[in-house]
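Right, one structure below, let's go through it.
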Amino acid sequence: MRTLRRSFKSLGLILKRWRSMKIIDSSHGDFPSFWKETLQRRKSAFEEVSERVKEILEKVKRGGDEALCELTQKLDGIRLEPHQLEIKKEKWVEAEKEIDPSLKEALFRAKKEIESFCLSSLPQDWMEVKEGIIRGEVFRPVEKVGLYVPGGKASYPSSVLMGVVPAVVAGVKEVIVVSPPPPRPVLLYAALISGASRFFQIGGAQAIGALAYGTESIPQVDLIVGPGNLYVQAAKKLLYGEVGIDMLAGPSELLIFSDGSTSPHKAALDLLSQAEHDEDAWVILITPDRSYAQRVLEEVHELLYGFVRKEMARRCLKENGFIIIVRDLKEGMDLVNQFAPEHLELHLKDAWQWFGEVKNAGSVFIGEETSVAFGDYCGGPNHILPTTGAARFSSPLGVENFLKRIQFLSITGEKLKELAFVGMRLSEEEGLLGHRDALLGRLKDG
Numbered sequence: 550m551r552t553l554r555r556s557f558k559s560l561g562l563i564l565k566r567w568r569s570m571k572i573i574d575s576s577h578g579d580f581p582s583f584w585k586e587t588l589q590r591r592k593s594a595f596e597e598v599s600e601r602v603k604e605i606l607e608k609v610k611r612g613g614d615e616a617l618c619e620l621t622q623k624l625d626g627i628r629l630e631p632h633q634l635e636i637k638k639e640k641w642v643e644a645e646k647e648i649d650p651s652l653k654e655a656l657f658r659a660k661k662e663i664e665s666f667c668l669s670s671l672p673q674d675w676m677e678v679k680e681g682i683i684r685g686e687v688f689r690p691v692e693k694v695g696l697y698v699p700g701g702k703a704s705y706p707s708s709v710l711m712g713v714v715p716a717v718v719a720g721v722k723e724v725i726v727v728s729p730p731p732p733r734p735v736l737l738y739a740a741l742i743s744g745a746s747r748f749f750q751i752g753g754a755q756a757i758g759a760l761a762y763g764t765e766s767i768p769q770v771d772l773i774v775g776p777g778n779l780y781v782q783a784a785k786k787l788l789y790g791e792v793g794i795d796m797l798a799g800p801s802e803l804l805i806f807s808d809g810s811t812s813p814h815k816a817a818l819d820l821l822s823q824a825e826h827d828e829d830a831w832v833i834l835i836t837p838d839r840s841y842a843q844r845v846l847e848e849v850h851e852l853l854y855g856f857v858r859k860e861m862a863r864r865c866l867k868e869n870g871f872i873i874i875v876r877d878l879k880e881g882m883d884l885v886n887q888f889a890p891e892h893l894e895l896h897l898k899d900a901w902q903w904f905g906e907v908k909n910a911g912s913v914f915i916g917e918e919t920s921v922a923f924g925d926y927c928g929g930p931n932h933i934l935p936t937t938g939a940a941r942f943s944s945p946l947g948v949e950n951f952l953k954r955i956q957f958l959s960i961t962g963e964k965l966k967e968l969a970f971v972g973m974r975l976s977e978e979e980g981l982l983g984h985r986d987a988l989l990g991r992l993k994d995g
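Counting in the numbering used here, the final residue of the sequence shown is number 995, and the numbers go up one at a time with none missing.
Here it is, written out as structure tokens:
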């Protein structure tokens with residue numbers, strides 16, 4: 550892939566590279582090949598780790614808590630005994646004492662915004678009643694849910710809120726949080742205020758296996774949700790069918806679509822806000838305005854000097870940072886929908902009008918003032934979103950993920966006779982005569 554990108558540069562596809570981020574010209578003849586390679590390169594390479602993950606899952610399935618402790622010592626360098634896997638609620642309460650009051654207030658306010666959004670999006674039971682027929686749907690919560698919260702380079706109390714709150718609003722009885730050891734007190738406090746049921750200090754693919762199979766300490770769940778690294782996502786993929794999952798979430802993505810009329814400084818701030826997540830994150834600006842593109846690039850360069858997570862952001866921008874110059878806004882929107890970004894910001898004069906053209910995106914931030922950071926923390930919509938193009942066919946985490954639709958039907962009287970003849974004819978066509986006889990029996994009884 551590096552060879553391919555070098556060949557594009559030599560042909561003039563890359564108009565400018567300033568230390569890291571690249572300006573790309575969509576009118577260049579090689580752009581279609583470059584764009585195709587870019588879309589393919591985003592796909593998480595689950596196959597690269599799947600064999601190793603299978604071994605981990607098999608160990609957990611056979612060895613239970615003992616296997617979890619062995620894997621934690623081997624992979625995380627932390628020694629735990631089985632009785633230490635669960636962090637009891639007394640520790641959650643104690644953790645509150647270590648949290649700064651301003652952080653407690655911020656977490657509580659974020660929780661309330663997420664909760665309000667979830668309550669507004671809660672689906673309602675419905676029923677259609679006609680002569681001789683009653684039909685509809687009811688929604689019932691999943692019984693037990695496991696939430697994976699990443700650790701390692703950073704820990705995310707916001708992910709606890711984003712995973713637990715919609716489950717609680719949906720009516721899930723038991724929400725079990727797992728996170729690599731040792732969890733910071735702020736994670737325990739977030740679990741406390743969001744309504745989680747239990748918390749286990751276990752991470753990686755082994756945590757997903759424990760939730761799917763159950764161990765002596767960790768209950769088997771019906772659904773696993775939450776972000777995580779390649780091993781975590783590979784485990785979710787391998788266990789799908791054994792247990793439900795929300796989605797396969799890859800590295801963070803931000804695409805800003807601008808007409809050039811908005812602040813280049815704000816665009817640069819938001820691009821860097823996502824670049825600091827992970828060196829594998831994707832940050833892209835699409836605009837028809839070359840002058841604006843240059844100003845954004847300069848702003849990114851200036852901001853990097855004082856950036857706290859400078860090296861991580863620089864690596865991200867070097868590999869996956871692009872500014873694409875398009876012929877017009879229509880072409881730009883076509884590229885937006887092809888990329889199907891996790892996060893999409895609309896920096897346009899007519900942002901709401903262009904929002905109507907968005908077909909594929911996880912979450913959309915309308916207007917240059919609405920930074921993606923609001924969505925990451927406290928705007929209300931979830932930050933656990935489809936990545937790697939999955940927004941073409943899937944949706945953000947929400948209360949719907951924690952609910953099952955159950956359909957119901959009752960038929961009597963003349964409607965029974967009418968539909969029995971329809972069903973009998975169709976069952977005969979398909980050679981399922983038992984179905985025909987079942988319907989015929991209702992006619993004879995009538």
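Idealized CB from N, CA, C, for every residue including glycine.
- The region 702-719 and the region 730-739 touch, with three or more beta-carbon pairs separated by less than 8 Å.
- Cβ contact annotation for Ser810 (same chain, cutoff 6 Å, sequence separation greater than five): Lys898, in chain order.
- When the Cα atoms are used, Glu643 and Gly777 turn out to be separated by approximately 27 Å.
- Of the residues assessed, Gly881 falls on the buried side of the cut-off, its CB having 16 or more other CB atoms within 10 angstroms.
- Separation of Met711 and Ile933 (C-alpha to C-alpha, rounded to the nearest whole angstrom) is 7 Å.
- Boundaries of the beta strand (DSSP E) harbouring Phe957: Leu952 to Ile960, taken from the DSSP string.
- The C-alpha of Ile573 lies about 43 Å from the C-alpha of Leu668.
- Annotation: the continuous alpha helix (DSSP H) that includes Thr621 extends over Phe595 to Asp625.
- Residue pairing for Ile873: DSSP places it in a beta bridge opposite Ile573 and Ile835.
- The alpha-carbon separation between Pro800 and Asp829 amounts to approximately 6 Å.
- As computed with DSSP, Gln750 is found in a beta bridge with Ser728.
- Closest in alpha carbon position to Leu737, among Ile636, Asp883 and Leu629, is Ile636.
- Taken through DSSP and simplified to helix, strand or coil, Tyr697 comes out as strand.
- In this structure, Ser728 lies near Val698, with their beta-carbon atoms less than 8 Å apart.
- Residue range Leu779 to Leu788 is occupied by the alpha helix (DSSP H) that includes Leu788.
- The C-beta distance from Ile751 to Lys785 rounds to 15 Å, too long to meet the 8 Å contact threshold.
- With distances taken between CA atoms, Asp614 lies nearest to Gln633 out of Gln633, Glu600 and Lys815.
- When the Cα atoms are used, Arg839 and Ser766 turn out to be separated by approximately 59 Å.
- For Glu586, the uninterrupted alpha helix (DSSP H) segment begins and ends at Phe580 to Arg590.
- Between the region 787-798 and the region 814-827, the count of C-beta pairs closer than 8 Å stays below three; the two stretches do not touch.
- Take the alpha-carbon of Ser943 and the one of Lys722: they are about 25 Å apart.
- The beta carbons of Val714 and Ile663 sit about 5 Å from each other, so the pair counts as a contact at 8 Å.
- A Cβ-Cβ distance of about 6 Å is found for the pair Val849 and Met570, placing them in contact under the 8 Å criterion.
- By the criterion of a C-beta distance shorter than 8 Å, Phe595 is surrounded in its chain by Leu779, Gln782, Ala783, Lys786 and Leu797, once the five residues flanking it on both sides are discounted.
- Separation of Phe904 and Ile915 (C-alpha to C-alpha, rounded to the nearest whole angstrom) is 7 Å.
- Look at Gly685 here: in three-state DSSP terms it is strand.
- The C-beta distance from Leu853 to Lys859 rounds to 6 Å, short enough to fall under 8 Å.
- Residues of the same chain with their beta carbon placed closer than 7 Å to that of Glu600 are lacking, with the five preceding and five following residues left out of the count.
- Relative to the Cα of Tyr926, the nearest Cα in the group Gly947, Ser708 and Asn909 belongs to Ser708.
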